[in-house]
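A short worksheet on the structure shown next.
Numbering (this note's numbering), first residue to last: 420 to 491.
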């Protein structure tokens with residue numbers, strides 16, 4: 420059985436998703452997409468929104484997890 424995802428990993432993933440969305444909105448409002456300029460606009464938004472939470476989740480998952488005492 421797979422281990423459950425710890426709350427710290429879920430919280431970090433959600434926070435990075437919010438930041439990614441904010442950056443995407445700012446990128447669209449400022450209209451300066453020079454970093455991802457060669458990609459279609461819809462793909463830029465997807466990349467900006469999804470890559471940070473995915474990387475945060477993977478980093479949190481690989482991090483040493485908090486030891487738990489076994490009941491008994």
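Positions of the beta carbon are idealized from the N, C-alpha and C atoms, including for glycine.
Note that this is a predicted model, so its numbers are computed, not measured.
*Measure the Cβ-Cβ separation of residue 435 and residue 459 and say whether it is below 7 Å.*
Taking the chain shown and counting its residues from 1, the one referred to as residue 435 is at position 16. Taking the chain shown and counting its residues from 1, the one referred to as residue 459 is at position 40. It is not a contact, given that the beta carbons lie outside the stated cut-off.
_Identity of the residue in 483, 489, 465, 478 nearest residue 373 by Cα_ = Limits of the chain in this structure are 420 at one end and 491 at the other, which puts residue 373 out of reach.
*residue 425 in three-state terms, based on DSSP*: Reading the chain shown from its first residue, position 6 is the one you call residue 425. Three-state DSSP puts residue 425 in coil, outside helix and strand.
*Please name the residue in 433, 426, 468, 479 whose C-alpha comes closest to that of residue 445.*
By 1-based counting over the chain shown, the position of residue 445 is 26. Checking every option, the nearest Cα to that of residue 445 belongs to 468.
*Between which two residues does the alpha helix (DSSP H) containing residue 475 stretch?*
Counted from its first residue, the chain shown places residue 475 at position 56. Run containing residue 475: 460 to 481, per the alpha helix (DSSP H) assignment.
*Compare the beta carbon distance of residue 431 and residue 489 with 7 Å and say whether it is the shorter of the two.*
By one-based count along the chain shown, residue 431 stands at place 12. By one-based count along the chain shown, residue 489 stands at place 70. No, they are not a contact pair.
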